[in-house]
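Just so it is clear: in the sequence shown, position 92 is 130 by the numbering used here, and no numbers are missing. Where a beta carbon is used, it is the ideal one built from N, C-alpha and C, also for glycine. As C-alpha cells, the structure follows; a few thoughts come after it.
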Amino acid sequence: MSFIHLQNLTKTYSNAGSPAVNHIDLSIEKGEIITLLGPSGCGKTTTLRMIAGFEQPSSGSIRIDDKVVFDESSYLPPEKRGIGMVFQDYALFPHLTIEKNVTFGLNKWSTLNKKKRAKEVLELVGLADYAKRFPNELSGGQQQRVALARALAPRPNVVLMDEPFSNLDAGLRERMRYDVTAILRKANTTAIIVTHDQKDAFAVSDRVVVMNQGVIQQIASPRDMYRCP
Ligand code: ADP
Ligand code: ADP
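As C-alpha cells, this is what we get:
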C-alpha cells in the first residue's frame, strides 16, 4: 500500500466556477520525492495545501501513513498530520536564533533533546556552526537550509515544499536543487515539491506529476519523460 494516497480529490473555491483541483488520484511511496509541475493556476498549491490541512477539500479523501486525514467524515488538523512544511519565503522568525527557529515545532521536547535535535538537523543541512546566528545574517541558500532543517526537526512523515527554488538566483538555484535533494535523501524522508519549472522538477524528483487546469495530465520519472515526449 502506498504511503500517501489522494483519492478523487476535488477543490472548488466558493467564489469560483470551475474546480481548482478536479478529481485527482495520486499514490506516493515512502521515501519518494515527487514534484507537482505545471503552469501558474493549475492547482499545485491548492493540492499541497489540502495535503497539509490548510485548505479543506470539497470532496475526496487523503490518507497519510495508514491514517485517513481527510474524507467526508474525518478531518485531521495540520499539526496532527506529521507534515513538515517549507514555505516559499522560508518564513523564518527574524528575532529567534537559527537554533530556536529549528526547534520551534518541538515544544513538547525537553531542552536537552531540543538541543540534540537542533545539532543533528543543522549538521544535516551543513549549518552546524550557525546555531547562534540570526536569519538576517545568513544568505538566501542558507536560510532555505534552515527552513528545511526546521521542517525535518520533528521527524515528519512527509516534507512539503512550495516553490523552494523560485526566490534564488540562477547559480544558487542549481546548487540548491542538488543540496535539497541530497538532504531529503539523507533524511530518508518523503517529499512533495511544487514547482512551475521543468528543470527543477527533472533535477530533484523520482516522479514528476504534471498538472494542468486542475487535473493530472501525466505521471512519470524524469527519465521516462525524456524518452516519450
Ligand atoms: P498553482 O499553485 O498551480 O499556481 P493554485 O492552486 O494556487 O495554482 O490555484 C488554482 C486555481 O485556484 C487558480 O485559478 C487560482 O486563482 C484559484 N485559487 C487559489 N486559491 C484561491 C482562493 N483562496 N480563493 C479562490 N480561488 C483560489
Ligand atoms: P503561488 O502561485 O505563489 O503559489 P498564489 O498566488 O497562487 O501563490 O496564492 C497566494 C495566496 O493567494 C494563497 O493563499 C492562495 O490561496 C490565494 N489566492 C490565489 N488565487 C486566489 C484567488 N483567485 N482568490 C483568492 N485568493 C487567491
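8 Å contact criterion, which residue i and residue j should meet: CB distance rounded
i    : j    : result
Q180 : L165 : 6 Å
Under 9 Å between C-beta atoms of residue i and residue j
i    : j    : result
V196 : I230 : yes
D200 : I72  : no
T48  : P95  : yes
S97  : N46  : yes
P192 : V124 : no
F41  : I66  : yes
V246 : L75  : yes
L130 : V59  : no
A90  : I121 : yes
L162 : K224 : yes
T227 : G69  : yes
Helix, strand or coil at residue i [DSSP, three-state]
i    : result
R193 : coil
R171 : coil
D109 : strand
A58  : coil
G122 : strand
N205 : coil
D200 : strand
T228 : strand
T85  : helix
D63  : strand
N139 : helix
M249 : strand
G69  : coil
Residue i: CB within 8 Å of a non-hydrogen atom of ligand 1
i    : result
V59  : yes
T227 : no
G91  : no
P77  : yes
H234 : yes
Y51  : yes
M249 : yes
K82  : yes
A54  : yes
Residue range of the alpha helix (DSSP H) that includes residue i
i    : result
L162 : 149 to 162
M263 : 260 to 265
K49  : Here K49 belongs to no alpha helix (DSSP H); instead the beta strand (DSSP E) covers 42 to 49.
F240 : 236 to 242
Residue range of the beta strand (DSSP E) that includes residue i
i   : result
G98 : 97 to 102
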